[in-house]
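Have a look at the structure below, then the notes.
Chains as they are written, first to last, in this note's numbering: chain A, 1 to 408; chain B, 1001 to 1408.
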């Protein structure tokens, strides 16, 4: 494997930086880093055959043989078009220049168990299953443990104020609950979720469908920088790779995989968020949809997911946090229902109580008529109601009291 | 059975009126009418033992024996308190005075199959199962077939503008679809559904928890009159009976039973509408809940019903009408999804298409690099895209076309 002295030097600096910044051990060799950097650019993700090939021969030999075209037919098919472009050193340098780095499966911080759900063999028929060959990241957050309790918040670009409010609040409260927010970097729900999370102090993660050096959409350049400052920008695409429609679909599987739960806040009839939800469900993740007004086109996708069983109801932010947390970690006590004074009363006692007035007294005979309960029973029940503070006896018969049961 | 000459005379007039108004045959004898009128007042609904007793000995003998107290223990318990109040003639007269009448099971118009779901024996543990002994009604609608395609619309009294909008629109569109609207007469959702139905020309039905001569809540007096003018006021309580809390729960079973589907539009955490929904589900009816903003307390009840499986999602009014109609009667074609030009393209063709520009041309070699697809395959795909109108060849290579598939 031919690497220039400059590349080697760069790599050493990168590794030192990584050590200082994240405290990780320098366990990943430079050859592996350069090989992985090359491989992430050479094949369009997801590259199932190449991934399998790397698993067998290791990244360094794989990169070497890909470069020479001495690989099995399926791998050749995935790598043929770009195998002559060896920009590994330049890519690593470009990433470093913006405070970024390449995280590889050999790194102890690699989110291995989260990404395992993407591993082939797959019969899920998912467009875009398959694990990434490496992840380009930039930002202040450490990758280690970042995705242990992560929730992805996805939804419409053309969100309504309602949707943006919910996404912002959700992003914020997830952070308060000690979780990581994951989303894309699109207009609407994605941006709102990040903004809420940033205000909450992060970490929040944007997974891109292009290189980590590209701001897409362009007006979100400063938002993406703020996300990096409060968390992490993640992409399996090498620096400089531009966004494309199929890359968003492929990217969506990473959003789903890196989170234990995916929440769809608003989605139109045809929406990328629904694709993420479907993918998350296929990966066995918790999928929730936030209901909205049926008068809004932006609710159609969420309600479709609810109707078809593709998602469960996210009736409140507290419910989402509970559903997304590790089993048992966030069990709220059942919400207390409002209580009525008469909650403890039996059916007949309630009827007698209903038949009484708060003001004017009634004789038992009248109460029997009004309630339709036999007189003997009425007399017994009136005494019961008196004991529990629900009724009061006077010279002119009986009257109702309010707030009885509370005093007993 | 002692009836005054005045009562007999009144009953003859009632029957004639009934004949003229509804065209029903005069098949219900006057003794039965007076007996049923007496029975509806003497026992507090639901009176399961009395109902069973009437089934065995018939209404006339049952009324006679109840009056004398010569009935089984369970029936005595249900009737003892009021058995001496024989206001049958006066009740029928009071009803007539306001254009009302008593509909009885012996009447061919009796909604027998709808109410059958309330028949004992029941092990459903429902508070308030059991069929009514008769139904006091007033209004212009005929009872015959009125409930054959009926949908109940229930919800919060403290509804939000969103809920009232949905209920009004739903009431209106149910009428347009040839269905009957059923509800209570409360503030909020009930009133909104009726108003929509009234504007649509009716019929709409208010089932009361008090006599048909009582306006409850009082400010709804004129609304109730308008409901009567555009449909029917229904109650199993004799004229003059005042509303009471347990009567609303008992009334709710009639709303559920008389409709093939119950729709909850908005409901707080503790709501009568949820009771109606639970009852409807226990009776085997279709139950739907309209989602709403999770930022609204008035959505809590609906979302709870959705989460617990107590209701299915009512994502649109069209969905409700389809779910509520007789099987197959209202099947809409599946909603058409918005189409993209590229919908027919395979995965690789889409990647090649994505790699092209609308303006600047690209050579196949560059397309192969950008898309990550081998050059040979790219050449084939470009020709495919040209044939389907998605791409155009020029002197400087290839460029993307929009709207291709539509022209093929």
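Even glycine gets a Cβ: it sits at the ideal position worked out from N, Cα and C.
Would you mind telling me which residues of chain A sit closer than 7 Å to residue i, beta carbon to beta carbon, in chain order?
{"i": "residue 1073 of chain B", "result": "Residues of chain A passing the Cβ test: none, with the nearest at roughly 11 Å."}
{"i": "residue 1221 of chain B", "result": "Chain A residues near residue 1221 of chain B: none, gap ~22 Å exceeds 7 Å."}
{"i": "residue 1373 of chain B", "result": "81"}
Name the two residues that bound the continuous beta strand (DSSP E) containing residue i.
{"i": "residue 1157 of chain B", "result": "Neither: residue 1157 of chain B is in no beta strand (DSSP E) and is coded neither H nor E."}
{"i": "residue 342 of chain A", "result": "Here residue 342 of chain A belongs to no beta strand (DSSP E), and DSSP marks it neither H nor E."}
{"i": "residue 262 of chain A", "result": "261-264"}
{"i": "residue 1233 of chain B", "result": "1231-1235"}
{"i": "residue 102 of chain A", "result": "100-103"}
{"i": "residue 1054 of chain B", "result": "Careful: residue 1054 of chain B lies outside any beta strand (DSSP E), inside the alpha helix (DSSP H) at 1048-1057."}
{"i": "residue 1180 of chain B", "result": "1180-1183"}
What is the DSSP secondary structure of residue i, reduced to helix, strand or coil?
{"i": "residue 288 of chain A", "result": "strand"}
{"i": "residue 1321 of chain B", "result": "helix"}
{"i": "residue 380 of chain A", "result": "helix"}
{"i": "residue 67 of chain A", "result": "helix"}
{"i": "residue 393 of chain A", "result": "strand"}
{"i": "residue 1040 of chain B", "result": "helix"}
{"i": "residue 143 of chain A", "result": "coil"}
{"i": "residue 135 of chain A", "result": "strand"}
{"i": "residue 1206 of chain B", "result": "strand"}
{"i": "residue 399 of chain A", "result": "strand"}
{"i": "residue 295 of chain A", "result": "coil"}
{"i": "residue 222 of chain A", "result": "helix"}
{"i": "residue 312 of chain A", "result": "strand"}
{"i": "residue 267 of chain A", "result": "coil"}
{"i": "residue 199 of chain A", "result": "helix"}
{"i": "residue 388 of chain A", "result": "coil"}
{"i": "residue 1081 of chain B", "result": "coil"}
{"i": "residue 1193 of chain B", "result": "helix"}
Going by other Cβ atoms of all chains shown within 10 Å of its Cβ, with 16 needed for buried, is residue i buried or exposed?
{"i": "residue 1383 of chain B", "result": "exposed"}
{"i": "residue 376 of chain A", "result": "exposed"}
{"i": "residue 982 of chain B", "result": "Outside the shown range of chain B (1001 to 1408) lies residue 982 of chain B, about which nothing can therefore be said."}
{"i": "residue 1395 of chain B", "result": "exposed"}
{"i": "residue 1402 of chain B", "result": "exposed"}
{"i": "residue 72 of chain A", "result": "exposed"}
{"i": "residue 398 of chain A", "result": "buried"}
{"i": "residue 387 of chain A", "result": "exposed"}
{"i": "residue 199 of chain A", "result": "exposed"}
{"i": "residue 469 of chain A", "result": "In this structure chain A extends from 1 to 408, so residue 469 of chain A is not present and cannot be described."}
{"i": "residue 223 of chain A", "result": "buried"}
{"i": "residue 113 of chain A", "result": "exposed"}
{"i": "residue 1259 of chain B", "result": "buried"}
{"i": "residue 1162 of chain B", "result": "buried"}
{"i": "residue 1252 of chain B", "result": "buried"}
{"i": "residue 108 of chain A", "result": "exposed"}
Give me the chain B residues within the contact set of residue i, using Cβ-Cβ distance strictly less than 9 Å, ordered along the chain.
{"i": "residue 363 of chain A", "result": "Per Cβ cutoff of 9 Å: no residues; residue 363 of chain A is ~13 Å from chain B at best."}
Give the residues of chain B in contact with residue i, contact being defined as C-beta atoms less than 8 Å apart.
{"i": "residue 103 of chain A", "result": "Under the 8 Å cutoff, chain B gives no residues; its nearest Cβ is about 21 Å from residue 103 of chain A."}
{"i": "residue 295 of chain A", "result": "1162, 1165 and 1166"}
Going along chain B, which residues have a C-beta under 7 Å from residue i?
{"i": "residue 303 of chain A", "result": "1291, 1313 and 1315"}
{"i": "residue 306 of chain A", "result": "1306 and 1313"}
{"i": "residue 181 of chain A", "result": "Those do not exist, as residue 181 of chain A stays about 18 Å from chain B at its closest Cβ, beyond 7 Å."}
Could you name the residues of chain A that residue i contacts, counting a contact when the two beta carbons are closer than 8 Å?
{"i": "residue 1369 of chain B", "result": "81, 82 and 85"}
Please report the residue range of the alpha helix (DSSP H) in which residue i lies.
{"i": "residue 1371 of chain B", "result": "1364-1371"}
{"i": "residue 1279 of chain B", "result": "1272-1282"}
{"i": "residue 1350 of chain B", "result": "1347-1355"}
{"i": "residue 1113 of chain B", "result": "1112-1115"}
{"i": "residue 1360 of chain B", "result": "Residue 1360 of chain B -> no alpha helix (DSSP H), and no H or E assigned at all."}
Find the residues of chain A that neighbour residue i, judging by a C-beta separation of less than 9 Å, and give them in chain order.
{"i": "residue 1172 of chain B", "result": "Those do not exist, as residue 1172 of chain B stays about 14 Å from chain A at its closest Cβ, beyond 9 Å."}
{"i": "residue 1077 of chain B", "result": "373, 374 and 377"}
Near-chain A residues of the region 1346-1357 of chain B - C-beta to any C-beta below 8 Å: Of all residues in the region 1346-1357 of chain B, only 1347, 1350, 1351, 1354 and 1355 come within less than 8 Å of chain A when Cβ atoms are compared, listed by chain position.
Using Cβ-Cβ distances below 7 Å, what residues of the region 32-48 of chain A are close to chain B? Taking a C-beta cut-off of 7 Å against chain B, the contacting residues of the region 32-48 of chain A are 43 and 44, listed in chain order.
According to a CB-to-CB cut-off of less than 7 Å, which residues of the region 231-257 of chain A neighbour chain B? Residues 244, 245 and 246.
Select from the region 1261-1287 of chain B all residues with a C-beta closer than 8 Å to any C-beta belonging to chain A, and list them in chain order. For the region 1261-1287 of chain B, the residues whose beta carbon sits under 8 Å from a beta carbon of chain A are, in order, 1269 and 1270.
Chain-ordered residues of the region 1192-1223 of chain B with a beta carbon less than 9 Å from chain A: Cβ contacts with chain A: none found.
Compile a chain-ordered list of the residues in the region 1148-1161 of chain B whose CB is closer than 8 Å to at least one CB of chain A. Within the region 1148-1161 of chain B, no residue has a Cβ lying closer than 8 Å to any Cβ of chain A.
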